[in-house]
Structure formats: C-alpha cells, structure tokens
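Participant: Encoded as structure tokens, here's the structure I'll be asking about.
Protein chains: 2
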Amino acid sequence: MSRKSVTLADVAKSVNVTTMTASRALNGTDAVSAEVRQKVVAAAKDLGYSPNPLAKRLKGGRANLLGLAVGYLQSSAMAEIIGSVNAAVKQAGMELIIYVAGSELGAPKQHEIKRVLGGLCDGIVLLLPMAPDGVLAEFESSSVPVVAVNYWRTETKLPMVRGDNYVGSRSAVEHLIGLGHRRIAFISGSDYTGQSPERQRGYQDALKQAGIKPVKALMSRGDFTRSAGFESTKVLMAQSKPPTAIFAANDNMALGAMDALKELGLRIPEDVSVFGFDDEVAAKHSYPRLSTVRQPLSEIGEQAVQMILRRIGSTSADELAKDTLIELPSSLVVRDSCAPVRALLSS
Amino acid sequence: MSRKSVTLADVAKSVNVTTMTASRALNGTDAVSAEVRQKVVAAAKDLGYSPNPLAKRLKGGRANLLGLAVGYLQSSAMAEIIGSVNAAVKQAGMELIIYVAGSELGAPKQHEIKRVLGGLCDGIVLLLPMAPDGVLAEFESSSVPVVAVNYWRTETKLPMVRGDNYVGSRSAVEHLIGLGHRRIAFISGSDYTGQSPERQRGYQDALKQAGIKPVKALMSRGDFTRSAGFESTKVLMAQSKPPTAIFAANDNMALGAMDALKELGLRIPEDVSVFGFDDEVAAKHSYPRLSTVRQPLSEIGEQAVQMILRRIGSTSADELAKDTLIELPSSLVVRDSCAPVRALLSS
DNA sequence: CTGAAAGCGCTTACAG
DNA sequence: CTGAAAGCGCTTACAG
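Sequence lines, in order, name chains V and E. First residue of the first sequence: 0, per numbering that gives the first Met the number 0; consecutive thereafter. First residue of the second sequence: 0, per numbering that gives the first Met the number 0; consecutive thereafter.
In structure tokens, the structure reads:
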C-alpha cells in the first residue's frame, strides 16, 4: 500500500530514452524503431507501469474513458442497460465509469455530474429517466459530448437513444382486445418519467381504434410501485362493472395487481387477464408468468455508446445534426397471464 | 456542446487576482481577505466554473473521489450495498465513481481497475465477491488505500468489511430444528464466492449440535441460480426419505425450490419448509413469503466507506494495522415459508 | 493576506 | 526515427 506508482519517466529512464519515445512506443501512434519499442514495452511490463488517464486527458488527449450517469440501480431494466453500455464501451477499447446521481433525492445534481464525469471522461451517457425539468438542458452546453438515453419527460435538444412506449402499449392493448376484452383497465405510473403518459396514450388509442370509449372509471393512478398496483386493483375490482383485463404501466404494478386479484379469490388469467410493461426478471418468475412489453434494452445501451463514439470522433457539425435521435421498437412478450374473456363477464 | 470549459485562470483573471488567490478563495483552506473571497466566489458562480478534479489530484492533492469496483449489478443485495456506499461517500463530502469489473467474464481485470480507479480516486472499495484467486492480492500494493467488502473466497491481507455467513446460517437451521425438523436439506451455491461453504458450515454445525448427523443424501450442489434450486429440489424430494425442510444457500435457489415443490403438488410450509439467504427483494414478494437470513448490507457499505476514509486520512501505520477487519452480524427474517414439521412426515 | 515559481504525468507541435 | 520545449489546470512550498 502507498507505494509510489510507476510513471512513464521511470520506464523511459530504465531503457535510456526520453519520455517522448517511451510514450510513442507504448501508444503505437508514431514511428519508433522496432528494437526500442520492444525494450520499452518490456520495461513497462516489468515495472508494472500503467498510464495515468488523468494526465493523458489533461493535456487535451483522450482519457479513453466514458461516463454513465444513472439515477438509480434497483431495477433489472436499469442493470440490463448498464450492462450493455459497459460491454459496448469495452468493445470499443475504452473503459466506463458510472456515477449514481440519485435523482430521487430531490436536488438535481447536474452540476456534480458535469464536474465529475465531464472532467474525467471523453463523453457522457445520461440514463436519468426521472431527471426533473431543466437538468438535461444544462448538458446542452457540456464541454464533452453527451447522449441521453430513454428520456421522455420533457423536450430536450440532447441527442437521444430511446425505446418506444406508445406502439408497444398499443399492441399490448390490441392483444387484449383480440382476446375479446372490452373492459380493460389501465394503471398509470407517476408522470415523473414521461414514460407513463406515453403508455397511456397507446392504451387509449388502441381502445378508440377498436371503437371502445376510454372511461375514467377504468383508469387508475399509480406510482410504479407494487403496492400501488395492489391498491389500484382493489378499487378497480370493487366496481359494479369491474374490468376483465388490467394493463399496468410497469411490471411492478402488474405484479401488485396479481397479488390483489389472488387475494380477491380471482383466477389469472381465467377470471382476469393482466399485462405489464418492462419485462423485469420478476415477470418470468411470477405465477402465472406475466405477459409484458419489452424495450430492446441491450440495443438501446449499445446504440447510445455508438452515438457518443460518433460524437467524440467527428467534428462535422452537419453530420452530427442529422444524428440526433434513435428510437427503437418494443416487442410483446406473451406469457401466461392473459386469456380470452369469458362470455358472462364480458357483457 | 464542445464549449471550452472555464478554468481557474478565467475566474482569476476576471477579478484581477492570481490563480493562487482564486484557488485559496474557493477552497477556503488558507487565509484570504473577505472581500476578495466574495469577488472570486461570485465570479466563479457567474462563469459556471467547476474545478477539474484531474488537475487537483495530479498535483498530489485529493480528488475528493472514491472508487467502487463491483463485479455485477444484477442482484438487489449488490444494489443495496452500492446505495449505502454512495450515501456514505456523499455524506463525507466526496463523490463516488463505480467501475463494473464484470468478473464473470473470465479474465480478472485487476489491472484495469487499478489503472482506472487508482489513477482517478483517493481510495478504492472492492465489492468483488466472485473475484478469482490472486485478484485481490494485486491490490495489496496499490498506490491508494483499498478496502475489500464481503469477500470470503480466499485469504487476503486487504482491510475488510464483511457480513457474517456462518452464524446466520446456523441460526436458520436451529430455527428449523426448533420447529421439529430433522431431515433438513441444504442446497449449496458454487464455491466461487466462498460464502456458500461458510453457510454450509453453519448448517452442518447446527445439525451436529442437535445430535443430527449430516448426511450426503440431503446435501445438493447448486450454483446460486433459480433453476439450480428447482432441479436440486426435484432430486431431493424424489428420495425415499425426502427432507421436511430445505435450507438454500441463497434466495434465488430457495425460490427455485418453492417452484419445484409447488409443481410437485406439495404445500409450503405445511408439507415442506423453506429457508433462504440474502433477503433479496423477491423474498418478500414470493408466495408464501420467504424466510431468509439478512446481512446488514447498508451498514456494511457504510462501514467500508468509514474504513477507507480513515485510511486516506491517517498516516499512522500502527493505527491502521489494528483497523483491518470489521465483521457484522446477520439476522433472521422470519416470514411465512416455515412451519412445524408434521408428525407423520418426520418419522 | 497575496504572489512568482515549479511541478504532478503525460502529450502536442516543432526541430533535427 | 528521436529529442527539447512547452503546457494541460491545479496546488504545494517558499517568499514577501
């Protein structure tokens, strides 16, 4: 511990060259005689030399570091995006560091994100679905390229990669309608992330398209938590004309809905069908296994890295101006939580 | 985007002082006239100045940055530790950056961790339960302080904060024995993390203490996955004298065991009791809710940060030599998955 | 209380 | 192909 780390100068001195030559030998960018290169490389290995990314970047070069700011880590969907970002970064020969912004704690920390990640990294990926208004706007004047991921809350000029919410939700509800359901409830999440309103729009448009009038009594306000799904479902099912199917704005709430239905003695899917959104890992372990909508999380992460790499590499404002939005389609994951409506109940 | 970021020199020039004075005014370490300080602070805010942590640290100072290396992000237990580390770091007025080592991908990346985090941060917390032999040893010669968390695989001289496995497991099995169970099965995880053997040791000692001989037929080898719990249970229950209780080395496998028992038409806990380890969030959402052992994850993270802070601050080798291991007790979380053994089955 | 000098580890021009 | 110089943004001594 506390051993002074070995520097480029140490390596250079050990083989009697300048740091310049050692630098060139190690980076392989410029011409160096094969013999010198070998000696330097061997010495570096010998001494356990590892370049200091700070110094590299300070001098205006690349640190070969990408930064990822995330709001929270608790969901498996977040973990999946992070994993794919990490893989894509490694693939590109760079390293990733993650900063947890903890957006739910109130104070928007954009200043800290910019300071920490902006000073360290060659580019920043923002995975802050819950970032309050104005936070992302701050990054429009970043000194390094920034790409936002899966952000729906407000308008932003930031280049963006995100997964569809509207079409997926619409398809889910169409699937339910195809099963004969007419009284389909929707449990919304908090508006906080902007994704729930998109999902609700898909729900309503699917109903309208099928000639079904969306009614307030079948729309319940939740907040993305399992208990909200539970409570909403209790209220929904207590009506004189309860829904025969429930579409929740995320899996957590769909799972809570299933808890409630079981407690009410109702069978899933025979009595009531349930559809979720997100495809969290818990969705495939519930009983019955939950049908849900899946965003292409891995591809979202991968594309975000590609986009930021293009921005780090390119100086052509024209090209970049065209490369500002990638929206990836969702898909339906049909499992066991939905069934055709029963004739009696549907009337 | 790409706007040159404002430096200390810009701030200094705008109020006609040297960078030295500006630095002192902003850091508040040395004496500066109140008037100058005010002007500098105002100018810094005006210009949107944020200090470059690289430059700070390069000159031998503190970057006020702590690094956390994690192996994976998928489990809620990991997320909980990370969350508490993050909170404790913020509490100390520092910032945390996370590096995902992806230990399962084969090649131990200690070199990269050291290079990236060691170059950037004032200290490193290692949360690498699955790190193969030798990886942690590398960090014993780190240029910055390093603390390991929840590592059990091999011996290491690194200072460490970790949660108990043995006593918790022993208590869990004693709980089962107290319920009258005699044929208690154990499903082990992979030895990879070193935690499973500890848990098995607790299991065996509890049995012996109660005068019950541990038998091979009731010990099944798993790998921490849900499907391993499922398969192991199928085999375990197919015996002529099947267990009346199952203790799994983690919650995933306990949940898999419950899946298998349900599929066999057995009731939990009436026919078979199940006990897990970890208290993952899924444990409280299963049906019936899973009894399990809980490590004090938040406290582990918090203590790890305190320990690394002491190491960053102190230069007294004597003091540090005494401050090298904190082991925190686990506790039982008793829910609904265990019941007294039925007289007939226990014979 | 304030400043001029030097340097952290590396790299980008510019010379040879 | 190799080197001497200068500088990235900041801070630690050392002077005044």
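Note that CB positions come from ideal geometry on N, CA and C, so glycine has one too. These figures come from a predicted structure and were not determined experimentally.
DSSP on M159/V, reduced to helix/strand/coil?
Facilitator: Looking at M159/V - three-state DSSP - the assignment turns out to be strand.
Participant: Given a cut-off of 9 Å, decide if A205/V and A248/V are closer than it, judged by their beta-carbon atoms.
Facilitator: Against a cut-off of 9 Å, the Cβ pair of A205/V and A248/V comes out as no contact.
Participant: Which residues share a DSSP beta bridge with L327/V?
Facilitator: In the DSSP output, where bridge partners are listed per residue, L327/V has G162/V.
Participant: Can you tell which of D317/E, I267/E, E326/E, A281/E has its C-alpha closest to the C-alpha of Q294/E?
Facilitator: Minimum Cα distance to Q294/E is reached at E326/E.
Participant: Express the C-alpha separation of T20/E and D383/E in angstroms, rounding to a whole number.
Facilitator: The first residue shown for chain E is 0 and the last is 346, placing residue 383/E beyond what the model contains.
Participant: Closer than 6 Å by C-beta to S219/E: which residues in its own chain qualify, once you throw out the five before and the five after it? Chain order, please.
Facilitator: Counting only Cβ-Cβ distances below 6 Å, and skipping sequence neighbours, we find I186, S231, L235.
Participant: Specify, as a first and last residue, the run of the alpha helix (DSSP H) that S226/E falls within.
Facilitator: Run containing S226/E: 225-236, per the alpha helix (DSSP H) assignment.
Participant: Does the CB of L57/E have a neighbour CB from chain V at under 9 Å?
Facilitator: Yes, because at least one Cβ of chain V sits closer than 9 Å to the Cβ of L57/E.
Participant: Whole-angstrom Cβ separation of T28/E and M129/E, contact assumed at under 8 Å?
Facilitator: With a Cβ gap of about 42 Å, T28/E and M129/E do not count as contacting.
Participant: In this structure, how does DSSP classify T18/E when only helix, strand and coil are distinguished?
Facilitator: Looking at T18/E - three-state DSSP - the assignment turns out to be helix.
Participant: Express the C-alpha separation of P196/E and D190/E in angstroms, rounding to a whole number.
Facilitator: Cα-Cα distance, rounded: 6 Å.
Participant: In chain order, what residues of the same chain have a beta carbon less than 7 Å from the beta carbon of N85/V, not counting five sequence neighbours either side?
Facilitator: These residues qualify, in order along the chain: L95.
Participant: Taking P52/E as the query, report the chain V residues whose CB atoms sit under 8 Å from its CB, ordered along the chain.
Facilitator: In chain order: R114, V115, G118, L119.
Participant: Any beta-carbon of chain E closer than 9 Å to the one on R225/V?
Facilitator: Cβ-Cβ to chain E under 9 Å: yes for R225/V.
Participant: Looking at the unbroken alpha helix (DSSP H) that takes in L347/E, where does it start and where does it end?
Facilitator: The displayed coordinates of chain E run from 0 to 346. Any statement about residue 347/E would go beyond what the structure contains.
Participant: Please list, in chain order, the chain V residues whose beta carbon lies closer than 9 Å to that of E94/E.
Facilitator: Here the neighbours are Y98, E111, R114, V115.
Participant: List the DSSP bridge partners of Y98/E.
Facilitator: Y98/E is bridged to A68/E.
Participant: Mind checking who S187/V pairs with in its DSSP beta bridge?
Facilitator: S187/V is bridged to R220/V.
Participant: Whose C-beta lies closer than 8 Å to the C-beta of G47/E among residues of the same chain, with five residues either side of it excluded?
Facilitator: Hits under 8 Å: V5.
Participant: Under 7 Å Cβ to Cβ from L116/E, same chain only, skipping five residues before and after it: list those, please.
Facilitator: The answer, listed in chain order, is G66, A68, Y98, I123.
Participant: Please tell me whether D258/V has its Cβ less than 9 Å away from any Cβ of chain E.
Facilitator: Yes - at least one Cβ of chain E is within 9 Å of the one on D258/V.
Participant: Taking only three categories from DSSP, how would you classify S297/V?
Facilitator: Helix at S297/V.
Participant: Among the residues of its own chain, which have a CB less than 8 Å from the CB of L178/V, if the five just before and after it don't count?
Facilitator: For L178/V, where only same-chain residues beyond five positions count, the Cβ hits under 8 Å are A244, S272, C337, A338, P339, V340.
Participant: Which value, in whole angstroms, describes the spacing of the CA atoms of A237/E and L217/E?
Facilitator: About 11 Å.
Participant: Shorter than 9 Å from the beta carbon of L127/E to some beta carbon of chain V?
Facilitator: Chain V contact via Cβ: absent.
Participant: Taking 6 Å as the limit between beta carbons, can you name the residues of its chain near G375/V, skipping five residues before and five after?
Facilitator: Summary: the structure shown does not reach residue 375/V, with chain V confined to residues 0 through 346, and so no result is reported for it.
Participant: DSSP state of S168/E, grouped into three classes?
Facilitator: The answer is helix: DSSP assigns S168/E an H, G or I state.
Participant: Give a yes or no on whether the C-beta atoms belonging to G133/V and S297/V are separated by under 9 Å.
Facilitator: The answer is no: Cβ separation not under 9 Å.
Participant: Going along chain V in order, which residues have a C-beta closer than 9 Å to the C-beta of N149/E?
Facilitator: Correct list: empty, because the minimum Cβ distance to chain V is about 17 Å.
Participant: Near V146/V, which residues of its chain fall below 6 Å by C-beta distance, leaving aside the five closest residues on each side in sequence?
Facilitator: V124, P158, A303, M306, I307, listed in sequence order.
Participant: Could you run through the region 245-257 of chain V and flag, in chain order, every residue whose CB is less than 8 Å away from some CB of chain E?
Facilitator: Correct list: L254.
Participant: Let me see if you follow: with CB-CB separation under 9 Å, is H180/E close to chain V or not?
Facilitator: Chain V contact via Cβ: absent.
Participant: Less than 9 Å between CB atoms is the rule here; does A41/V satisfy it with respect to chain E?
Facilitator: Not an interface residue.
Participant: Should the region 267-282 of chain E be called in touch with the region 248-258 of chain E, which here means at least 3 C-beta pairs below 8 Å?
Facilitator: Touching, yes.
Participant: Give the single residue among P144/V, Q37/V, G201/V whose Cα lies nearest to the Cα of R61/V.
Facilitator: Comparing Cα positions, the closest option is P144/V.
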